[in-house]
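First comes the structure, then the notes that go with it.
Number of protein chains: 2
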Amino acid sequence: MAGGGGSREGSGWAAGRWASRSSGRARRGCHEPGLGGPAGRGAGEARLEEAVNRWVLKFYFHEALRAFRGSRYGDFRQIRDIMQALIIRPLGKEHTLSRLLRVMQCLSRIEEGENLDCSFDMEAELTPLESAINVLEVIKTEFTLTEAVIESSRKLVKEAAVIICIKNKEFEFEKASKILKKHMSKDPTTQKLRNDLLNIIREKNLAHPVIQNFSYEAFQQKMLRFLESHLDDAKPYLLTMAKKALKSESAASSTGKEDKQPAPGPVEKPPREPTRQLRNPPTTIGMMTLKAAFKTLSGAQDSEAAFAKLDQKDLVLPTQKEKPDFLEHLTPSTTY
Amino acid sequence: MAGGGGSREGSGWAAGRWASRSSGRARRGCHEPGLGGPAGRGAGEARLEEAVNRWVLKFYFHEALRAFRGSRYGDFRQIRDIMQALIIRPLGKEHTLSRLLRVMQCLSRIEEGENLDCSFDMEAELTPLESAINVLEVIKTEFTLTEAVIESSRKLVKEAAVIICIKNKEFEFEKASKILKKHMSKDPTTQKLRNDLLNIIREKNLAHPVIQNFSYEAFQQKMLRFLESHLDDAKPYLLTMAKKALKSESAASSTGKEDKQPAPGPVEKPPREPTRQLRNPPTTIGMMTLKAAFKTLSGAQDSEAAFAKLDQKDLVLPTQKEKPDFLEHLTPSTTY
């Protein structure tokens, strides 16, 4: 699992970098107070950061769900990465975030489910959806869900975990039957499905309706609705504040006043937002925004050229593809 | 530069991952509206996210400066990583953030300055401090600073860029003289220093006072003060809100009410905070917080064990070293 190990460093490469730190840095490290905790500064300051960290985490979780709901999976992954960087910081009151984080763990695995090249459990070499099955079991315990409540959703994930291997462009029939035997043999609710899939694998029968009628998008949205149904529908504080801010901004039509602060007032409980969102067709407005941001953030010299290069490529997930260009601005690369 | 390329993927590995996406994912990608921009959802929703993104970015920038000021460089890098993930999202009103981002670019390079194994400009193979010199030139232009204002700070960075190579455990004398010739030859303000350093390199004289008296920590703090002096001292909105929230929380001594919202009221301009902070000795309180967070975030089965393993190691930058453990919870690794 060498490649895996490397990439685990990669996925947050700072980790590997600081571990193999130059002695100079290591020495400095020793002088560092405990990360983020009250050690390095007043406990009051630490508590303030913790409070904001929780607000921010709850806001981006809300945005992540919204992106997932709208099938904006590129957005979902970007927001997931923000949350990932955020949960390294001290949060305080972790119990108020545990449900949120479990649901995010489960959705992240489901969103990656089609990608058999990645794993959330390197040691166990699990596919993302096998890992999702495990997270679902944790959710069952922690959310104290009855067997009746979780049954059908767990069956959906097990089915998807097997079908994804069968539909994979490398036709991972062996992996499919391994997952099938591991997760469907003892489960009484999946016996019929188990036999169908066993035959499909034996006959390599990709034309079977179980395979033909399977929609990963539909599966993802079903799982989202299941997980959402076990969360409270409170609107995040920062979203409420932003609505106030934009309202008073447009009211004052203040072109000059940047990031106007919201007109103070009691924070009313907002109505539940629609559980589904219509998908708009792709437009280039997103690109305009990105271009502006890109030019602001990139080195003055080459920003136009760099963006032009970016612009020549097809526009699927432009920021994702070009992420390394952004990354040169704050985080370094290694020259090993 | 193969390793570099790989690690550039690494530094935000999602980028590489989605680029080499399975056709299935690529197909789904095509259906995705433009990332983050108004395309994928109502323009109103996008503007709300942009507003919050700006608030959040300004808050973590403030926290990053505070960490740097307090020599909590591990905290600084963690907060830098949050900002890095954040600037991929649409921000809107980029002009209100450009100064902030330039300063962050410069500080990130300075903070990495001792680490010659990493680079912010892979193509040009620049050391972090050579890169910082370039950012400083951009800052001079964009902040419209006079030669007199920037002169001494630029000299500090050039000096540090050379001395770091000399003091490096591999004694990079060649690299040192290369940087010296490139950045000190034409610069009239550095002629005396240039000659001193040329002799030091020729004689490999590490005992020379210019080397012996050089303190990277002092250099970093001088640069911070220079950069800070060109920023407005407005306290970030989220920090003000958090202070209100904690105040009303302790006032109501509400143990039950989590993340209480601040008592509404006009946001007063806060007094400038002290430009320097005393450093407290390391304590283990940070670890307690981290342990709680770790146990909340990690898989229920092995959290205790995983943390124990973590706990046995020396406690320099624990979260950094263990970041990959956290990363398994939201972001995947690759099994390539």
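Protein sequence lines, in the order shown, are assigned to chains A and B.
Under the UniProt record's numbering, the residues of the first sequence are numbered 1 to 336, in order.
Under the UniProt record's numbering, the residues of the second sequence are numbered 1 to 336, in order.
Here a beta-carbon is modelled for each residue, glycine too, at the ideal position from N, C-alpha and C.
The residue from L126/B, R154/B and T127/B with its alpha-carbon nearest to that of I139/B is R154/B. Annotation for K175/A: C165 place their beta carbon closer than 6 Å to its own, counting only its chain and skipping 5 residues before and after. Listed along chain A, no residue sits closer than 8 Å to M223/B by beta-carbon distance, the nearest being about 15 Å off.
For R194/A, the CB contacts under 6 Å within the same chain, skipping 5 residues up- and downstream, are M184 in chain order. When secondary structure is reduced to three states using DSSP, F76/B falls in the helix class. P128/B carries a helical assignment under DSSP once its states are collapsed to helix, strand and coil.
Judged by their CB atoms, A64/A and M104/A are nearer to each other than the 8 Å cut-off. At a C-beta separation below 8 Å, A245/A has these neighbours in chain B: A51. A Cβ of chain A is located within less than 8 Å of the beta carbon of F59/B. The alpha-carbon of F120/B is positioned some 9 Å away from that of E130/B. The Cβ atoms of I200/A and H208/A sit closer than 8 Å to each other.
For S108/A, the number of other beta carbons within 10 angstroms of its own is at least 16, and it is reported as buried. Using a CB distance cut-off of 8 Å, I88/B counts as an interface residue toward chain A. Taking 8 Å as the threshold, the shortest C-beta distance from M184/B to chain A does not fall below it. Secondary structure at I179/A: helix, using DSSP grouped into helix, strand and coil. Our two residues, L246/B and V210/B, have alpha carbons roughly 49 Å apart in a direct line. The three-state reading of DSSP puts D233/B in coil, since its state is none of H, G, I, E or B. G70/A carries a coil assignment under DSSP once its states are collapsed to helix, strand and coil. In the three-state DSSP reduction, T144/B falls in the coil class, being neither helix nor strand. Not flagged as an interface residue toward chain B: Q212/A, since no C-beta distance is shorter than 8 Å.
Assigned with DSSP and collapsed to three states, K158/B falls in helix.
By the Cβ test, the segment 79-92 of chain A is not in contact with the segment 112-119 of chain A, since fewer than three Cβ pairs between them sit closer than 8 Å. Near chain A, meaning a CB-to-CB distance below 9 Å, the residues of the segment 62-77 of chain B are E63, R66, A67, G70, S71, R72, Y73, G74, D75 and R77. For L227/B, the closest Cβ of chain A is not nearer than 8 Å. Counting of Cβ neighbours within 10 angstroms places L136/B among the buried residues, the total reaching 16 or more. If you check the CB distance, F59/A and V52/B come in under 8 Å. Around the beta-carbon of P128/A, 16 or more other beta-carbon atoms lie within 10 Å, marking it buried.
A residue is called buried when at least 16 other Cβ atoms come within 10 angstroms of its Cβ; P90/B meets this threshold and is buried. Per DSSP, the unbroken alpha helix (DSSP H) holding S108/B starts and ends at S98 to E111. Put simply, the CB of D81/B is near chain A, with a gap under 8 Å to one of its CB atoms. Close partners of V56/B in chain A (Cβ separation under 7 Å): V56. Nearest C-alpha to D75/B among E217/A, I88/A, N168/A and K182/A: I88/A.
Boundaries of the alpha helix (DSSP H) harbouring P209/B: P209 to Q212, taken from the DSSP string. Taking 8 Å as the cut-off between beta carbons, the residues of the segment 88-113 of chain B near chain A are I88, R89, P90, L91, G92, K93, E94, H95, T96, L97, S98, L101, M104, Q105, S108, R109 and E112, in sequence order. The beta-carbon of T331/A is placed less than 8 Å from the nearest beta-carbon of chain B.
Counted as a single uninterrupted DSSP element, the alpha helix (DSSP H) harbouring F219/B occupies residues Y216 to E228.
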